[in-house]
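Following: one structure in structure tokens, then a few remarks.
Residue numbers (this note's numbering): 3 to 256.
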């Protein structure tokens, strides 16, 4: 059994997704539940340890156990999802409902959430039935990973690894969000966000910085798309003024 992740420790790069962990089976029927329980415990360790990496206000393990609703919501979800995968009726939804009542965070038992996910503050977070959240994502309060109508099948977003979703952001529909992408606070995202890109605004517009990785806590680095557009116009005006000046000089020499 692996020890708990130490505070401020580096994040692993290729963790095993929870969807794979929870479906492992041993060859020996008598030990068929041991890999599942071991994987669930390892996932719980990562859910716990990531809080110290992501939240400077986390000082003691007892604070996390007693006072972090995002961690509590994941505990309820892990149990409900385990039962949901085994086609248990009613009980998974009841556990999910109890978790929402106690934490203010609604996670459908059918959603797939990876290891080391941190839901910070958490109040008002909604994660739909067919949503997929990759490993080590950071989700703030008021976030919705929702659908766009009454269609069936895959109808909720898929988040890659290390995605940051700012407070109040809405990602709607069956759209992918690539690894290391960032969703600005208050944005409404309705189309794909490539890896290493930032989506901001209503509707969300993508600004890509190829292979640029920033600290997930540096929210001030979200680009200002209006400032970028204005600067592009100013640069264009300057270029046109230079062309006009050159034409005037050429005309005066004729």
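Where a beta carbon is used, it is the ideal one built from N, C-alpha and C, also for glycine.
For residue i, does the three-state DSSP call read helix, strand or coil?
i: residue 120; result: strand
i: residue 58; result: coil
i: residue 257; result: Because the chain is modelled from 3 through 256, residue 257 falls outside the range shown and cannot be assessed.
i: residue 231; result: helix
i: residue 68; result: helix
i: residue 179; result: strand
i: residue 207; result: strand
i: residue 146; result: strand
i: residue 339; result: Only positions 3 to 256 of the chain appear in this structure, which leaves residue 339 out of reach.
Return the chain-ordered list of same chain residues with a C-beta closer than 7 angstroms to the C-beta of residue i, the five sequence neighbours on each side being excluded.
i: residue 197; result: 162, 180, 181, 182 and 183
i: residue 110; result: 98, 129, 130 and 131
i: residue 210; result: 196, 198 and 199
Taking the beta carbon of residue i as the centre, do at least 16 other beta carbons fall within 10 Å, making it buried, or is it exposed?
i: residue 205; result: exposed
i: residue 91; result: exposed
i: residue 62; result: exposed
i: residue 67; result: exposed
i: residue 239; result: exposed
i: residue 45; result: buried
i: residue 174; result: buried
i: residue 141; result: buried
i: residue 234; result: exposed
i: residue 139; result: buried
i: residue 89; result: exposed
i: residue 246; result: exposed
i: residue 230; result: exposed
Is it the case that the Cβ atoms of residue i and residue j are separated by a distance below 7 angstroms?
i: residue 128; j: residue 105; result: no
i: residue 126; j: residue 143; result: yes
i: residue 71; j: residue 82; result: no
i: residue 60; j: residue 52; result: no
i: residue 55; j: residue 76; result: no
i: residue 160; j: residue 190; result: no
i: residue 112; j: residue 74; result: no
Less than 6 angstroms between C-beta atoms, sequence neighbours within five positions excluded: which residues of the same chain meet that for residue i?
i: residue 108; result: 102 and 128
i: residue 25; result: Residue placement at residue 25 is poorly supported in this model, since its pLDDT is 41, which falls under 50; the coordinates still yield a value, given next. Correct list: empty, nothing qualifies.
i: residue 176; result: 156 and 157
i: residue 194; result: 177 and 178
i: residue 78; result: 97 and 101
i: residue 137; result: 17, 116, 117, 118 and 163
i: residue 165; result: 139, 179 and 183
Near residue i, which residues of its chain fall below 8 angstroms by C-beta distance, leaving aside the five closest residues on each side in sequence?
i: residue 186; result: 168, 171, 200, 201, 202, 203, 206 and 224
i: residue 188; result: 168, 169, 170, 171 and 204
The ligand SAH and residue i: does the residue's C-beta get closer than 6 angstroms to at least one heavy atom of that ligand?
i: residue 162; result: As far as ligands go, the structure on display features none, and thus does not contain the ligand SAH.
(message) Three Cβ pairs or more, each shorter than 8 angstroms: is that satisfied between the stretch 149-157 and the stretch 114-127?
(response) Touching, no.
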